[in-house]
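Presented below is the structure to which this report refers.
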Amino acid sequence: VELGNLKINPGNRHISVESREIMLTPKEYELLLLLAQQPQRTFNRQELLDRVWGCDYVGGTRAVDDLVKRLRKKLREGGSNKNVKTIWGYGYRFED
71 VELGNLKINP
81 GNRHISVESR
91 EIMLTPKEYE
101 LLLLLAQQPQ
111 RTFNRQELLD
121 RVWGCDYVGG
131 TRAVDDLVKR
141 LRKKLREGGS
151 NKNVKTIWGY
161 GYRFED
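The number in this note's numbering is simply the position in the sequence shown, starting from 1, with 70 added.
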């Protein structure tokens, strides 16, 4: 998956920005891949919980917010020109 200067290789779970590797936790990786595979689609928090954590997750939806915050920071520090946008009151999407 290539979006601007961000490259995601699902085969080896490698993330890079202009040939610099970005290290992500497994959940950060799953969230990024899900959002990047469907840019411009807005996912609500519950859907992200179900798809990234699994349907049996018993925590609150704030776990999504915390994960997005960490992912944004790593993308920014890595020099990515892509970001996860908040859709207030609903959820998140990946966009330019």
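Glycine included, C-beta positions come from ideal geometry on N, C-alpha and C.
Query raised in the report: Can you tell which of Gly81, Trp158, Asn153 and Tyr160 has its C-alpha closest to the C-alpha of Ala106?
Result: Translated into positions along the sequence shown, residue 106 becomes position 36. Of Gly81, Trp158, Asn153 and Tyr160, the residue nearest in Cα terms is Asn153.
Query raised in the report: Can Val122 and Lys155 be called in contact, C-beta distance under 8 Å?
Result: Taking the first residue of the sequence shown as position 1, residue 122 is located at position 52. Taking the first residue of the sequence shown as position 1, residue 155 is located at position 85. No.
Query raised in the report: If you draw a straight line from the alpha carbon of Asp126 to that of Phe113, how long is it in whole angstroms?
Result: Along the sequence shown, one-based indexing puts residue 126 at 56. Along the sequence shown, one-based indexing puts residue 113 at 43. Taking the straight line from one Cα to the other gives about 19 Å.
**Report entry** Cβ neighbour criterion (16 or more within 10 Å) applied to Ser89
**Finding:** What you label residue 89 is simply residue 19 of the sequence shown in a count that begins at 1. By the neighbour-count rule (16 or more Cβ atoms within 10 Å), Ser89 is not buried but exposed.
Query raised in the report: Exposed or buried, which one is Val71 when buried takes at least 16 other CB atoms within 10 Å?
Result: The residue given as residue 71 occupies position 1 in the sequence shown. Its Cβ having fewer than 16 others within 10 Å, Val71 is exposed.
Query - First and last residue of the uninterrupted alpha helix (DSSP H) at Tyr99 - result: For the purposes of this step, residue 99 is identified with residue 29 of the sequence shown, where counting begins at 1. Looking at the DSSP string, the run of the alpha helix (DSSP H) that includes Tyr99 is Pro96 to Gln107.
Query - Secondary structure of Lys143, DSSP reduced to three states - result: Taking the sequence shown and counting its residues from 1, the one referred to as residue 143 is at position 73. DSSP places Lys143 in helix when its eight states are reduced to three.
Query raised in the report: Smallest Cα separation from Arg115: which of Phe164, Glu165 and Gly159?
Result: Counting from one through the sequence shown, the residue named residue 115 turns up at place 45. Minimum Cα distance to Arg115 is reached at Gly159.
Query raised in the report: Short check: CB of Val134 to CB of Leu145, under 8 Å?
Result: On the sequence shown, position 64 is the one that residue 134 refers to. On the sequence shown, position 75 is the one that residue 145 refers to. Not a contact, by the Cβ cut-off of 8 Å.
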